[in-house]
Amino acid sequence: MRKKIVAGNWKMNKNLQEGIELAKELNEALSADKPNCDVVICTPFIHLAKVSEIIDHETIGLGAENCADKQKGAYTGEVSAEMVKSTGAEYVILGHSERREYYNETPEILKEKVLLALENGLKVIFCIGESLEQREKNQQNEVVKAELEGSVFNLSKEEFANIVIAYEPIWAIGTGKTATSEQAEEIHAYIRSVIEEKYGKETAENTSILYGGSCKASNAPELFAKPDIDGGLIGGASLKCADFKGIIDAWK
Ligand code: 13P
800 MRKKIVAGNW KMNKNLQEGI ELAKELNEAL SADKPNCDVV ICTPFIHLAK VSEIIDHETI
860 GLGAENCADK QKGAYTGEVS AEMVKSTGAE YVILGHSERR EYYNETPEIL KEKVLLALEN
920 GLKVIFCIGE SLEQREKNQQ NEVVKAELEG SVFNLSKEEF ANIVIAYEPI WAIGTGKTAT
980 SEQAEEIHAY IRSVIEEKYG KETAENTSIL YGGSCKASNA PELFAKPDID GGLIGGASLK
1040 CADFKGIIDA WK
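Start counting the sequence shown at 800; every next residue gets the next number (our numbering).
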C-alpha cells in the first residue's frame, strides 16, 4: 500500500529561530495527537541540523528543498545531497517549478540531482506541473509526462521506489486558486497510468502522488478523498502549526 503523506515546503520564509519554534510546536502537537499519515517538513538548508535534533523522526520526517547537481568539491555556495543526508534529513524536494523557473533548472540538471539524492539515501519528492498557459491549451498531460521522462524515468524500478511525485499546477501555487478535486484527480490518475506504462502496475500502485497548490485545511479533505491523491505538498499553509495540522488531520 502506498503511503499517505502531508509534506510542508517552507520555502524562503523562516529565519533560524522562527524555524526552530515552528518545528518545536509541530513536534509537540503531533506527539500529543498522532497523525494518520506520514508527515514531512522540508526546510531551508540552514534549519536542517537543528530541526533534526528537535523532531521525533518516528512522527515527522525531515527534508531539504534542493540539493546540488554535483557530488562534491569547488562549487561555492552549493549544498550536496551527502551534506543534506548528514543532517538527519530523509527527503529532498527536486524539480519545484520555482527552481525550474527562477534558477533555470533543466530536466538534465534535475536528472543529476535525483541520481545524487538517491545515491546518498535520500527519498525524492519530485515536482511536476503545468503553467496556466499550458493548462489553457490543454497540454497538462504532455507536460507532466515529459517532466517525468526528462528526469526520473531513467531510474530502475528499485530506484523509482524512492520517488514521491508532487503534482503542482503552477497556476495554483501561492495564488489561492486550487485545482478542483476533479481536475486534480484526473491528472493524478493520468500520472499513475504513465508510471504504470513505464514500471508496471505494482510500482504505479505503490507510488505516492501528492497534490500541491493552495492546499489548505478547508480543501484538503475533498482533495484527499480522491483515490489517486495520496496527500499534499504544502507551501503557505505549512508555515503555521495550526494550519498545517489542520491539513494533516484531513486524513483522520
Ligand atoms: P502553496 O501551498 O503556498 O500554494 O505552495 C505550494 C507549493 O509550491 C509547495 O511546494
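A virtual CB, placed ideally from N, CA and C, is assigned to each residue, including glycine.
None of the values given here were measured: they were computed from a predicted structure.
Which residues share a DSSP beta bridge with residue 963?
924
If you pair each beta-carbon of the segment 992-1004 with each one of the segment 1031-1046, do three or more pairs fall below 8 Å?
no
Taking buried to mean at least 16 other C-beta atoms within 10 Å of its own C-beta, is residue 969 buried or exposed?
buried
Taking 8 Å as the line, does the beta carbon of residue 1032 fall inside it for any heavy atom of the ligand 13P?
yes
Closer than 8 Å: residue 892 CB and nearest the ligand 13P heavy atom
yes
Should residue 973 be counted as a contact of the ligand 13P given a C-beta to heavy atom distance under 8 Å?
yes
What does a CB cutoff of less than 7 Å around residue 828 pick up in its chain, not counting 5 residues either side in sequence?
1040 and 1044
With a threshold of 8 Å, establish whether the CB of residue 849 neighbours any heavy atom of the ligand 13P.
no
Roughly how far, in whole angstroms, is the beta-carbon of residue 823 from the beta-carbon of residue 853, given that I think they are within contact range, below 8 Å?
6 Å
Give me the Cα-Cα distance between residue 919 and residue 952, rounded to the nearest whole angstrom.
19 Å
Looking at the secondary structure, which residues open and close the beta strand (DSSP E) in which residue 855 lies?
No beta strand (DSSP E) holds residue 855; DSSP gives it neither H nor E.
Among residues of its own chain, excluding the 5 on either side of residue 1049, which ones have a beta-carbon nearer than 6 Å to its beta-carbon?
1019, 1020 and 1023
I want to check one thing, is the minimum distance from the CB of residue 808 to the heavy atoms of the ligand 13P below 8 Å?
yes
Going by Cα to Cα distance, which pick from 878, 855 and 885 is closest to residue 831?
855
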